[in-house]
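Below you'll find the structure, written out as structure tokens, and then a few comments.
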């Protein structure tokens with residue numbers, strides 16, 4: 039199974055974007071979903087996580103601005119990003135924990151926050 043991330047782009051500070059991550063196989067079961075990001079020159083960092091049947095969790099620097107959610111019927115999950123700041127500029131990666139215990143990764147989508 040593959041994950042396909044989309045929805046990145048250029049947005050002004052204070053704006054919003056919604057990232058999507060779709061699984062190539064509709065019936066493949068995941069047990070957790072997450073987003074990471076990597077800014078130029080920085081290490082990849084965790085952004086948000088949603089466990090199956092659990093409560094979503096967020097890194098402190100996005101808490102209150104970003105929301106992770108999923109559409110089980112479409113086997114797709116999302117990252118709604120509001121009140122974007124220039125420091126949110128990064129390549130965003132989606133990842134999901136399969137029932138087989140493996141983490142699957144998408145290819146990344148670039149988000150640029152600039153005026």
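In my numbering, the protein residues as written are 39 to 153.
Glycine included, each C-beta is placed from N, C-alpha and C at the ideal position.
Item	Value
Taking the alpha-carbon positions, what's the residue 129 to residue 53 distance?	17 Å
Assuming contact is defined by CB atoms lying nearer than 8 Å, are residue 66 and residue 136 in contact in what I supplied?	yes
Taking Cβ to Cβ, would you say residue 43 is nearer than 8 Å to residue 134?	no
In this structure, does DSSP put residue 110 in helix, strand or coil?	helix
For residue 125, which three-state DSSP category applies?	helix
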